[in-house]
Amino acid sequence: MPLLRQPQIIALTVSSLLLMEQLDGTILSTALPSIAQSLHVDPVAASVSLTSYIVGLAIFIPASGAVADEFGSRTTLLGAITIFIFCSVLCGQAVSLPMLAAGRMLQGVGGALMVPVGRLVLLRSVAKSELLGTMMWMMLPATLGPMLGPVLGGFITSAFSWRWTFYINVPVGILGLFMTWRYIPQIREPSGKHFDRIGMLQAGGGLALMSFAAEMISHNTKPYWLSAGLLLAGAGLFATYFRHMKHHPNPLLDFSLLTVPTFRLSVTGGAASRIAVGALPFLLPSLLQIGFGLNPAQSGLVTFAAPIGAIFSRLYVIRLFRRYGFRTLMMLTGSGAAVTFALIAFFRPGWPIWPLTIVLICSGAVQAIQFSAYNSIAYADLPENRMSAATSFYSTFQQVMLSAGICIAALAVTTSRIVFGHTSVTAFDFDAGFLVTGLISLLAIPAAGMLSRNAGAAVSGYSPGTSRDNAHPMHTG
């Protein structure tokens with residue numbers, strides 16, 4: 003398959019879709035009080051608009067690769083964006099909470115197909131020597147969305163209405179439709195094999211229940227036994243998939259991909275790092291608002307420091323990988339992530355905010371480098387005919403780990419409150435959440451240490467044994 007001459011345009015198109023999907027949920031979280039007032043429901047009940055989206059997203063993520071292979075990448079993306087736009091209008095017109103929840107669940111179906119299929123297009127359209135740079139573009143929206151969303155959400159809700167948090171998706175989505183139609187190639191590789199419907203119910207259903215439980219936990223939704231029950235039920239349903247896949251000729255999630263060392267490292271080492279990243283959007287705003295007494299607008303401005311670090315890291319990340327390779331940088335960023343989490347936990351109410359802002363800028367830069375590495379090396383040694391299965395597996399795994407991060411952080415905060423006898427959650431309890439997830443992120447270091455020094459060299463351009471010459475890109479035929 004000939005390589006496209008416009009990898010940056012493809013990366014920009016895919017990353018804009020990812021940004022739209024990422025912003026949608028985080029903008030809405032700020033608008034929940036206004037939604038509750040408008041629809042005459044309790045603010046806690048209004049959070050179902052967040053969890054229903056997660057359910058739709060989780061059910062269809064495992065099937066995204068198979069759908070793209072069957073109908074073609076461009077067709078699938080155009081369909082996913084159309085669903086997303088239509089459901090955004092439906093949500094904006096909602097006159098009741100059930101109508102809003104239904105629209106959000108269908109919107110999640112569009113989101114589930116947009117991001118994994120967009121990543122698949124990149125993998126099939128970009129040379130491995132250009133993969134690291136294009137993945138860096140992919141990672142920026144993932145960092146920007148959770149931090150920028152609350153700021154935009156507060157402005158849109160205050161200046162216009164909560165309904166415009168959905169209507170804003172329409173012009174962005176229409177632009178995405180044009181860019182997809184114009185620049186995304188139609189790659190269709192039907193396998194001719196029987197689609198694993200039972201596997202989709204088991205894996206997608208289990209993932210949906212676990213994600214739903216994680217959202218309930220992150221919003222402190224009661225009763226707690228319901229969250230715990232849904233979490234266990236989801237884990238149990240997902241576990242039944244492992245027995246099912248042994249007897250299916252074409253399993254939905256192909257665990258044989260883990261025999262590829264670089265893919266396995268990205269999954270195992272990335273698990274520890276993604277748990278920490280999944281916890282951050284829950285821990286940081288809560289610490290700033292509950293622990294430090296900032297209002298939502300002030301909290302949003304402080305958390306926006308992390309995307310600034312991610313943007314600046316874009317300037318030097320490729321040179322760093324060419325100079326030091328995946329193994330060294332992944333070990334260093336694993337250490338750096340744990341250090342930044344520990345420093346955040348060290349801060350106390352009443353201290354100046356600017357040192358915390360500097361730490362968050364560093365944290366954003368470290369995470370951007372770290373996940374550019376994981377998202378690139380995962381596919382470095384995979385043949386093209388396994389890319390579809392790999393993107394479905396990887397996207398499912400990401401959702402599981404991000405949900406696990408919320409659950410672990412919430413458990414650490416609650417345990418700290420109970421052990422130390424606090425009548426309500428304090429800044430000290432959130433410190434426990436940062437320390438626990440930071441310690442977990444350290445597990446990424448030994449996982450990265452198991453790589454060979456030249457692992458992923460075709461992607462990074464790194465050549466062991468040379469020094470400053472590594473600052474120049476390697477050319478591949």
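Count the sequence shown with this note's numbering and you get residues 3 to 479, in order.
Ideal placement from N, C-alpha and C gives every residue a C-beta, glycine not left out.
Quick caveat: nothing in here was measured; it's all calculated off a predicted structure.
From what residue to what residue does the alpha helix (DSSP H) around Thr270 run?
263–288
Completely contained alpha helix (DSSP H) runs for the segment 53–105, where each covers 4 or more residues
Complete alpha helix (DSSP H) runs here, min 4: 66–73, 75–94.
Go ahead and pull the three-state DSSP assignment for Pro4.
Reliability of the predicted coordinates at Pro4 is poor, the pLDDT of 45 falling under 50, and no value is obtained from them.
Three or more C-beta pairs below 8 angstroms linking the segment 105–115 and the segment 274–292
no
Taking the continuous alpha helix (DSSP H) assigned at Gly293, which residues delimit it?
Premise fails: Gly293 is in no alpha helix (DSSP H) and is neither H nor E.
Let me know the secondary structure DSSP gives Asp471 once reduced to three states.
Any reading at Asp471 must be qualified, since the residue scores a pLDDT of 42, below 50, and its modelled position is unreliable; the value itself is stated next. It is helical.
So what does DSSP say about Met332, is it helix, strand or coil?
Under the three-state reduction of DSSP output, Met332 falls in the helix class.
Got a sec? Which residues, its chain only, sit under 7 angstroms from Gly40 by beta carbon, not counting five neighbours each side?
Going by the sequence as given, residue 40 is Ser instead of Gly. Counting only Cβ-Cβ distances below 7 angstroms, and skipping sequence neighbours, we find Trp164.
Which one of Gly366, Ile277, Ala281, His250 has the shortest CA to CA distance from Arg316?
Cα-wise, what sits closest to Arg316 is Gly366.
Near Gln401, which residues of its chain fall below 8 angstroms by C-beta distance, leaving aside the five closest residues on each side in sequence?
Leu59, Ala60, Ile63, Leu209, Ser213
Can you name the start and end residues of the alpha helix (DSSP H) that Asn377 belongs to?
356–379
Do the segment 247–257 and the segment 61–81 meet, that is, are 3 or more Cβ pairs less than 8 angstroms apart?
yes
Can you tell me whether Ile176 is buried or exposed? The criterion is at least 16 other CB atoms within 10 Å of its CB, across all chains shown.
exposed
Specify the secondary structure class of Arg350 as computed by DSSP and reduced to three states.
Arg350: coil per DSSP, three-state reduction.
When burial is assigned at 16 or more other CB atoms within 10 Å of the CB, is Gly110 buried or exposed?
Counting Cβ neighbours within 10 Å, Gly110 comes out buried, since at least 16 surround it.
Beta-carbon separation (whole angstroms), Phe314 vs Val153, contact threshold 8 angstroms
The pair is not a contact, with the Cβ atoms about 19 angstroms apart (cut-off 8 angstroms).
Keeping to the same chain, check which residues put their C-beta closer than 7 angstroms to that of Ser405; ignore five residues upstream and five downstream.
Met212, Ser213, Ala216, Gly280
Once you ignore the five residues that flank His250 on each side, which residues in its own chain have a CB closer than 7 angstroms to its CB?
Asp198, Gly201
Compute the distance between the beta-carbons of Ser268 and Ile447, then report whether it is under 7 angstroms.
no
Buried or exposed: Gln369, going by 16 or more other Cβ atoms within 10 Å of its Cβ?
buried
Do the CB positions of Ala68 and Thr78 come within less than 7 angstroms of each other?
no
Does DSSP put Val421 in a helix, a strand or coil?
helix
Taking the alpha helix (DSSP H) that Thr439 falls in, what are its first and last residues?
429–443
Alpha carbon to alpha carbon, how far is Val123 from Ile12?
8 angstroms
Would you say the beta carbon of Cys89 comes nearer than 6 angstroms to a heavy atom of the ligand MG?
Although the ligand MG was asked about, the structure shown includes no ligands whatsoever.
Go ahead and pull the three-state DSSP assignment for Lys248.
coil
Just the C-alpha distance for Met476 and Ala382, rounded to the nearest angstrom, thanks.
Confidence at Met476 is low in this model, with a pLDDT of 37, below 50, so the placement of that residue is unreliable and no value is reported for it.
Once the 5 residues before and after Val57 are set aside, which same chain residues still bring their CB inside 8 angstroms of it?
Met107, Gly110, Ala210, Ser213, Phe214
Would you kindly report the start and end of the unbroken alpha helix (DSSP H) that includes Ile186?
Premise fails: Ile186 is in no alpha helix (DSSP H) and is neither H nor E.
On a CA-only basis, which of Ser36, Tyr376, Cys89, Pro35 is nearest Asp26? Give me that one, please.
Cys89
Grab me the residues of Ser54's own chain with a C-beta within less than 6 angstroms of its C-beta, minus the 5 sequence neighbours each way, in chain order.
Ala103, Arg106, Met107
C-alpha gap between Ala241 and Ala48, whole angstroms
31 angstroms
At the level of alpha carbons, what is the spacing between Trp183 and Ser18?
14 angstroms
What number of angstroms, rounded off, separates the C-alpha of Val421 from the C-alpha of Leu203?
39 angstroms
Output yes or no for whether 7 angstroms exceeds the beta carbon distance between Phe432 and Val415.
yes
If you check the beta carbons only, do Phe373 and Ala457 fall under 7 angstroms apart?
no
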